[in-house]
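Shown next, in structure tokens, is the structure this report addresses.
There are 2 protein chains.
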Amino acid sequence: MARATTPSRSPGRPRSSVDAAVFAATLSTVHELGYTRATVDRIAAEAGVAKTTIYRRWPSKGALITACLVDAFGPLPLKEGASRAEVMETAIRYGAARITEPGIAAAFAGVFTDAIGDPALREILSTQLQDPYRLVLQEALGESEQRVLFFVDVVIGTLLHRMGMTGEPMAAADVDALVTMIQRELT
Amino acid sequence: MARATTPSRSPGRPRSSVDAAVFAATLSTVHELGYTRATVDRIAAEAGVAKTTIYRRWPSKGALITACLVDAFGPLPLKEGASRAEVMETAIRYGAARITEPGIAAAFAGVFTDAIGDPALREILSTQLQDPYRLVLQEALGESEQRVLFFVDVVIGTLLHRMGMTGEPMAAADVDALVTMIQRELT
DNA sequence: GGATTTCGCTACTAGAAGTATCGATACCGA
DNA sequence: TCGGTATCGATACTTCTAGTAGCGAAATCC
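Residue numbers (the working numbering), protein chains in the order written: chain A, 2 to 188; chain B, 2 to 188.
Given below as structure tokens:
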């Protein structure tokens, strides 16, 4: 039971801090080449690490991209005391801004495709990426889980569909329309 | 200039009519294995044709899947004299029903992913799959191109996002909510 | 029957995911 | 200072898949 409260570092060479470099290289490469042609070899080269190092940290290309998305999205920046309409607008514009960033939409769509045929990856995607936002929004909006999931489907689905069809982010006027449409859904 | 008006068949062995079998095999295989693992070899085997026959008709896997989607969606069944709200409801429920069919959502998401990094495929997708619906809806709804494209993004994007996240089609109650929400958008 | 085109089949190339191995390296504790 | 341990980079490898090339056989028209 000794040192049970001392979380001393495990022995051996510590991991070098290259996660950020790998994430940046991943988004950059996916942005430039698309999900399919963004090979792990190229990502590793651009990050300046060996491919084996990547596979030591993430079990598959899909898992790497998902981790990259989780890192890129981060927590929802909600203001204190905001109205429900304001919360909704902030959330939508935050999502739109993230998806506009280079590589994010392509990475998202790619993981999506892999997830449909891979329940384990779908679980990661749902748990690590969607659930944090769902929980925060249920609390901030006072809406049911079903209702919040519906909003997420509409917002993220719409933004991704536009990126997939046109290759460009949704124009500001259409994002405004999305905000208005969904705000009307608040009871 | 002779026989300029006689579109007689070109000589040589005619193509055997296996398109329907190939489309069925494609959707079945994609439904079972997902887009990535649905290889052209397997699709050809399940359709009972040689892989080379498939590549004689469609230039790439993405083009095959897109053709498959175009075939599966077909024309929008609009009633004569329907109101704009009825047209919208019909279109949404028609899209939801098609995306529910086995393999359609997985195929759609896969083509989407490939399209983001492949402008030629994106062009095929936009022209052959989206434009027919867009034109019919612009006419039937009397809305602008921008507006109709926005509706398509919302409806198809939402339905696909739900399929991707859960692996299941959207429940009837949520489809109803989608119909109501978008009908409110009609001016 | 001859010309033409598609068919199935086999073999092939190119490229990517993921694995195995090994010497070198960085940190910890004694 | 030195041994233990875990990571690093590098290389080579296996497996799988998209897509191509070339062949003889079959189907249709004239």
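Idealized CB from N, CA, C, for every residue including glycine.
Reference residue i, options the options, closest by Cα
i, options, result
"ARG99 (chain A)", "A:ALA116, A:LEU122, A:GLY82 and A:VAL71", "A:VAL71"
"VAL88 (chain B)", "B:GLY158, B:GLN139 and B:ARG16", "B:GLN139"
"LEU179 (chain A)", "A:VAL155, A:GLY82 and A:PRO120", "A:VAL155"
"VAL153 (chain B)", "B:ALA174, B:LEU130 and B:MET171", "B:LEU130"
"PRO78 (chain B)", "B:THR91, B:LYS52 and B:SER84", "B:THR91"
"ASP119 (chain A)", "A:ALA107, A:LYS62 and A:PRO76", "A:LYS62"
"CYS69 (chain B)", "B:THR167, B:ILE55, B:THR188 and B:ARG85", "B:ILE55"
"VAL15 (chain A)", "A:ARG58, A:GLU33 and A:ILE44", "The residue you asked about is not Val; residue 15 (chain A) is Pro in the sequence shown. Comparing Cα positions, the closest option is A:ARG58."
Limits of the alpha helix (DSSP H) - the one that residue i falls within
i, result
"ARG85 (chain A)", "85–101"
"ARG148 (chain A)", "146–167"
"GLU186 (chain A)", "Neither: GLU186 (chain A) is in no alpha helix (DSSP H) and is coded neither H nor E."
"PRO76 (chain B)", "No alpha helix (DSSP H) holds PRO76 (chain B); DSSP gives it neither H nor E."
"LEU136 (chain A)", "132–142"
"ASP115 (chain B)", "105–117"
"LEU126 (chain A)", "First-last for LEU126 (chain A): undefined, no H or E at that position."
Local Cβ density within 10 Å of residue i, reported as buried at 16 or more and exposed below that
i, result
"ARG185 (chain A)", "exposed"
"GLY13 (chain A)", "exposed"
"GLU144 (chain B)", "buried"
"ARG123 (chain A)", "buried"
"ASP132 (chain B)", "exposed"
"ARG163 (chain A)", "buried"
"ALA121 (chain A)", "exposed"
"GLY104 (chain A)", "buried"
"THR128 (chain B)", "exposed"
"THR53 (chain A)", "exposed"
7 Å Cβ shell around residue i - same chain, five flanking residues per side excluded
i, result
"ALA110 (chain B)", "TYR36, LEU161 and GLY165"
"ILE157 (chain B)", "GLY96"
"LEU126 (chain B)", "THR67, VAL112 and ALA116"
"ALA48 (chain B)", "VAL19, ALA22, VAL23 and ALA26"
"LEU150 (chain B)", "ARG135"
"ALA39 (chain B)", "THR30 and VAL31"
Proximal residues to residue i (C-beta, below 6 Å), its chain only, five neighbours per side dropped
i, result
"THR101 (chain A)", "PRO170"
"GLN147 (chain A)", "none"
Sequence-distant residues of the same chain with beta carbon closer than 8 Å to residue i, five excluded per side
i, result
"ILE93 (chain B)", "VAL156, VAL176, LEU179, VAL180 and ILE183"
"ALA173 (chain A)", "none"
*What are the complete alpha helix (DSSP H) segments, minimum 4 residues, inside the region 7–46 of chain A?*
20–38
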